[in-house]
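Asks: What follows is a structure written as structure tokens; I'll ask about it next.
In my numbering, the protein residues as written are 88 to 284.
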């Protein structure tokens with residue numbers, strides 16, 4: 088089974104690290120390192136994370152969704168703007184990635200919040216966040232948040248701010264992993280420099 092671990096470049100075999108030139112080492116450091124693992128370490132972990140944001144408009148149903156459960160990360164992005172197609176990817180992530188996701192969630196203290204006074208979903212769209220970490224299980228639903236001004240105008244600006252920043256952090260982490268996972272084998276940066284010259 089394929090697993091994604093985000094770690095520094097050229098760790099492990101020093102002989103292969105020496106064969107890489109500096110641009111290749113930098114590129115390797117930005118990529119995900121694939122390792123083999125078993126599912127047994129994930130079966131006992133109750134950590135679950137799901138985020139969805141979307142709306143239906145003139146371009147149809149557009150959304151971004153990701154879900155983590157038992158070592159598997161699923162990512163979907165549907166934008167019909169300029170006839171883009173649905174991107175749907177699935178990957179296995181390693182313990183370091185799971186640890187980082189848990190850390191982001193726990194640091195936010197989102198489990199102490201309540202969405203009762205948050206803006207309700209509307210024609211602009213909605214966001215959903217479901218998390219199970221430790222003994223806590225939360226499920227929030229709110230309207231799409233366009234800016235920090237939307238948060239200030241809400242009935243619960245403090246709670247909505249926690250939600251907003253957590254979602255930004257999670258989206259950044261997940262989208263970065265999806266991009267690294269999908270990054271095709273590119274020629275070295277040095278070769279690209281020669282092409283540009």
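Note that the Cβ used here is the ideal one computed from N, Cα and C, for glycine as well.
These numbers come from a predicted model, not from an experiment.
Classify residue 194: buried if its beta carbon has 16 or more other beta carbons within 10 angstroms, exposed otherwise.
Replies: That one is exposed.
Asks: Output the distance between the C-alpha atoms of residue 214 and residue 172, rounded to the nearest integer angstrom.
Replies: 21 Å
Asks: For the beta strand (DSSP E) containing residue 156, name the first residue and the last one.
Replies: 147–156
Asks: Using alpha carbons as the reference points, say which of 156, 163, 204 lies closest to residue 150.
Replies: 163
Asks: Under the rule that 16 or more other beta-carbon atoms within 10 Å means buried, what is residue 133, buried or exposed?
Replies: exposed
Asks: Could you tell me which residues DSSP pairs with residue 228 in its beta bridges?
Replies: Per DSSP, 215.
Asks: Cα separation between residue 268 and residue 161?
Replies: One C-alpha to the other measures close to 12 Å.
Asks: Nearest-angstrom Cα distance between residue 181 and residue 228?
Replies: Taking the Cα positions, residue 181 is about 29 Å away from residue 228.
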